[in-house]
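Student: Sharing a structure below in structure tokens format, with a few things to ask.
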Amino acid sequence: MSRACLGSKTAIPGPSGLPVLGLVFAFTGSLTHRVLDKISQSFKAAQLMAFSIGLTRFIISSNPETAKEILSSSAFADRPVKESAYELLFHRAMGFNPYGEYWRNLRRISANHLFSPKRIASFGQFRRMIGIEMIKEIMGSMEKNGEVEVKRVLHLGSLNNVMMSVFGKCYDFSENEDGSELEGLVSEGYKLLGIFNWSDHFPVMGWLDLQGVRTRCRELVARVNVFVEKIIAEHRLKRTENEGVVDESSGDFVDVLLDLEKENRLSDSDMIAVLWEMIFRGTDTVAILLELAPFGAGRRVCPGKAIGLATVQLWLAQLLQNFKWVASENGVDLSECLKLSLEMKRLLVYKTVPRVC
């Protein structure tokens with residue numbers, strides 16, 4: 001934060017809110033960012049505004065330069081770990097792990113072995129194949145329903161894109177039981193992380209689990225462990241059959257983590273947490289990006305930004321090359337909805353007309 005802010009003895013402006021509850025009403029709807037923006041304008045506190053919810057103190061900025069300074073500073077590089085993130089193991093992965101040596105190690109591993117330019121380029125042909133499959137899916141949806149739910153097509157394409165990059169396999173979601181289970185895991189995790197959990201701000205309510213967040217998280221983690229451990233076991237068996245030799249060109253991110261396991265740098269629990277986060281965070285990012293842009297900024301910017309942009313640019317080109325896109329009868333509604341990321345409130349639905357080559 002700037003020296004001017006630090007040197008000032010004036011308290012950061014902001015609303016006092018309700019006794020004990022604070023400004024909790026701002027987080028009960030789906031447009032929290034808009035509500036907070038209006039409040040900051042009313043207090044003339046665009047640079048910095050402070051308020052509380054229960055025992056949690058918030059300081060926000062609606063000023064781009066101030067926000068950039070905060071996001072780029074190591075003093076603010078940690079993320080508070082909400083209960084759902086902790087229960088879902090994300091405190092052991094990059095998303096919510098404290099800024100430090102372990103976090104930097106995970107970031108370095110991902111940058112060198114999953115998100116490097118060479119690695120991204122090596123999966124270019126597979127991304128093109130997924131784009132072709134999406135084109136077929138769109139044509140089938142038009143024949144069956146007369147319209148296309150865009151995010152649904154992109155979501156399944158994104159899942160397979162991540163699964164191939166991380167696990168070296170993909171799924172047919174219409175027939176494969178593992179594919180349906182994977183889709184269910186990601187969907188439930190996304191809902192749980194996006195919930196406003198009262199116990200995050202009112203610890204006395206934690207033991208009650210009134211919203212059932214903790215129970216649902218633990219049930220989900222049990223399913224995640226089974227799913228990911230099965231894939232890790234398959235990789236270990238393959239390595240045993242090949243006498244521990246893995247072709248670098250055909251190896252995936254699981255093989256990278258298994259090599260690091262030999263060096264005692266990652267435990268089984270760490271591997272599961274990292275792989276689960278890769279699936280979870282890499283799936284809806286691409287699907288949402290074709291509607292909005294959720295990459296974040298600063299020291300915690302999404303490490304998969306490069307592969308996300310490469311994927312989006314290719315798929316968008318393929319979809320525009322093959323179809324003319326016509327808005328449905330209800331048109332395009334750009335209303336927002338803030339969940340884990342900022343999304344369109346209403347589904348993006350289009351009619352498509354094949355282009356004549």
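The letter at position 271 of the sequence shown is residue 271 when you use the UniProt record's numbering, and the numbering goes up by one with no holes.
Quick reminder that beta carbons are idealized off the backbone N, C-alpha and C, glycines included.
Under 6 Å Cβ to Cβ from Ala-293, same chain only, skipping five residues before and after it: list those, please.
Tutor: Sequence index remark: in the sequence shown, residue 293 carries index 293 (1-based). Below a pLDDT of 50, predicted positions are generally treated as unreliable, and Ala-293, at 45, falls in that range; the measurement from the model is reported next regardless. If we look at Ala-293 and ignore the five residues flanking it on each side, it has no Cβ neighbours.
Student: How many angstroms separate the CA atom of Ile-135 from the CA atom of Tyr-86?
Tutor: Locating residue 135 in the sequence shown gives position 135, counting from the first residue. Locating residue 86 in the sequence shown gives position 86, counting from the first residue. Each residue's alpha carbon lies about 38 Å from the other.
Student: On a CA-only basis, which of Ser-30, Asp-259, Val-213, Leu-257 is nearest Leu-342? Give me that one, please.
Tutor: Sequence index remark: in the sequence shown, residue 342 carries index 342 (1-based). Closest option to Leu-342, Cα to Cα, is Ser-30.
Student: From the DSSP output, in three-state form, read off Tyr-171 for me.
Tutor: Position 171 of the sequence shown, counted from the first residue, corresponds to residue 171. The answer is coil: DSSP assigns Tyr-171 none of H, G, I, E or B.
Student: Below 8 Å, can you find three or more Cβ-Cβ pairs linking the segment 256–268 to the segment 108–121?
Tutor: Cβ pair count under 8 Å is three or more, so yes.
Student: By the DSSP assignment, the alpha helix (DSSP H) with Trp-315 in it spans what residues?
Tutor: If you number the sequence shown from 1, residue 315 lands on position 315. It spans 305–322 - the alpha helix (DSSP H) in which Trp-315 sits, taken as one unbroken run.
Student: Should Ile-12 and Met-49 be called a contact, given that it needs their Cβ atoms to be closer than 8 Å?
Tutor: Within the sequence shown, residue 12 is the residue found at index 12, counting from 1. Within the sequence shown, residue 49 is the residue found at index 49, counting from 1. Yes, the pair counts as a contact, with Cβ atoms nearer than the cut-off.
Student: Please confirm whether Ser-84 and Leu-156 have their CB atoms less than 8 Å apart.
Tutor: Position 84 of the sequence shown, counted from the first residue, corresponds to residue 84. Position 156 of the sequence shown, counted from the first residue, corresponds to residue 156. No. Outside cutoff.
Student: Along the alpha helix (DSSP H) that carries Leu-182, what are the first and last residues, could you check?
Tutor: Counting from 1 along the sequence shown, the entry for residue 182 is found at position 182. Taken as a continuous stretch (DSSP letters only), the alpha helix (DSSP H) holding Leu-182 covers 177–194.
Student: Output the boundary residues of the beta strand (DSSP E) element that contains Pro-354.
Tutor: In the sequence shown, counting from the first residue as 1, residue 354 sits at position 354. That run of the beta strand (DSSP E) goes 349–354.
Student: Thinking C-alpha only, which one of Leu-338, Glu-133, Ser-335 is nearest Asn-322?
Tutor: Locating residue 322 in the sequence shown gives position 322, where the first residue counts as 1. Ranking Leu-338, Glu-133, Ser-335 by Cα distance to Asn-322 puts Glu-133 first.
Student: Cα separation between Leu-88 and Ala-233?
Tutor: One-based indexing of the sequence shown puts residue 88 at position 88. One-based indexing of the sequence shown puts residue 233 at position 233. Approximately 21 Å between the Cα atoms of the pair.
Student: Could you have a look at Met-344 and say whether DSSP puts it in helix, strand or coil?
Tutor: In the sequence shown, residue 344 corresponds to position 344, counting from 1. Strand.
Student: So, at 8 Å on beta carbons, what are the nonlocal neighbours of Phe-202 in its own chain, with the 5 sequence-adjacent residues on each side left out?
Tutor: Residue 202 sits at position 202 when you count from the first residue of the sequence shown. Counting only Cβ-Cβ distances below 8 Å, and skipping sequence neighbours, we find Gly-54, Leu-55.
Student: Here's the rule: buried if 16 or more other CB atoms are within 10 angstroms of the residue's CB, otherwise exposed. What is Asn-242?
Tutor: The residue given as residue 242 occupies position 242 in the sequence shown. It counts as exposed.
Student: Find out if the Cβ-Cβ distance for the pair Val-20, Val-349 is shorter than 8 Å.
Tutor: Mapped onto the sequence shown, residue 20 falls at position 20. Mapped onto the sequence shown, residue 349 falls at position 349. Not closer than 8 Å, so no.
Student: Measuring alpha carbon to alpha carbon, tell me which of Leu-347, Ala-317, Lys-324 ends up nearest Asn-330.
Tutor: Here the question's residue 330 lines up with position 330 in the sequence shown. With distances taken between Cα atoms, Asn-330 lies closest to Leu-347.
Student: Does the Cβ of Ile-70 have 16 or more other Cβ atoms within 10 Å, making it buried, or fewer, making it exposed?
Tutor: Against the sequence shown, residue 70 aligns to sequence position 70. With 16 or more Cβ atoms within 10 Å of its Cβ, Ile-70 is classed as buried.
Student: Below 8 Å on the Cβ atoms is my guess for Arg-223 versus Arg-79; work out the distance and round it to an integer in Å.
Tutor: By one-based count along the sequence shown, residue 223 stands at place 223. By one-based count along the sequence shown, residue 79 stands at place 79. Between Arg-79 and Arg-223 the Cβ distance is about 25 Å, and since that is not below 8 Å, they are no contact.
Student: Leu-208: buried (16+ other C-beta within 10 angstroms of its C-beta) or exposed?
Tutor: The residue given as residue 208 occupies position 208 in the sequence shown. By the neighbour-count rule (16 or more Cβ atoms within 10 Å), Leu-208 is not buried but exposed.
Student: So, at 8 Å on beta carbons, what are the nonlocal neighbours of Val-186 in its own chain, with the 5 sequence-adjacent residues on each side left out?
Tutor: Residue mapping note: residue 186 aligns to position 186 of the sequence shown, counting from 1. Excluding positions up to five away in sequence, the list reads Leu-159, Ile-279, Phe-280, Thr-283, Asp-284.
Student: Need the endpoints of the beta strand (DSSP E) that Leu-338 sits in, please.
Tutor: Your numbering for residue 338 matches position 338 in the sequence shown. Start and end: 336–338.
Student: Nearest CA to the CA of Val-326: which residue from Pro-303, Cys-302, Arg-355, Cys-337?
Tutor: Numbered from its first residue, the sequence shown carries residue 326 at position 326. Nearest of Pro-303, Cys-302, Arg-355, Cys-337 to Val-326, Cα basis: Arg-355.
Student: Run the CB neighbour count on Asn-145, radius 10 Å, all protein chains shown included, and call it buried at 16 or more, exposed below.
Tutor: In the sequence shown, counting from the first residue as 1, residue 145 sits at position 145. Classification for Asn-145: exposed.
Student: So within the segment 56–108, which uninterrupted beta strand (DSSP E) runs reach at least 3 residues, ignoring any that extend past its ends?
Tutor: You should have 56–60.
Student: Pick from Gln-41, Gly-100, Trp-198, Gly-168: whose alpha carbon is nearest that of Val-24?
Tutor: Residue mapping note: residue 24 aligns to position 24 of the sequence shown, counting from 1. It is Trp-198 whose Cα lies nearest to the Cα of Val-24.
Student: Can you list, in chain order, the residues of its chain whose CB lies under 8 Å from that of Lys-44, leaving out five sequence neighbours each side?
Tutor: Counting from 1 along the sequence shown, the entry for residue 44 is found at position 44. Closer than 8 Å at the Cβ level, and outside the excluded window around Lys-44, lie Pro-13.
Student: If you draw a straight line from the alpha carbon of Leu-333 to that of Leu-316, how long is it in whole angstroms?
Tutor: Taking the sequence shown and counting its residues from 1, one reaches residue 333 at position 333. Taking the sequence shown and counting its residues from 1, one reaches residue 316 at position 316. In the sequence as presented, Leu is not what sits at residue 333; that position holds Asp. For Asp-333 and Leu-316, the distance between alpha carbons rounds to 20 Å.
Student: Return helix, strand or coil for Ala-121, following the three-state DSSP convention.
Tutor: Start at 1 with the first residue of the sequence shown, and residue 121 comes out as number 121. It is helical.
Student: Which stretch, first to last residue, makes up the beta strand (DSSP E) that contains Ala-50?
Tutor: What you label residue 50 is simply residue 50 of the sequence shown in a count that begins at 1. Counting along the chain, the beta strand (DSSP E) containing Ala-50 begins and ends at 49–53.
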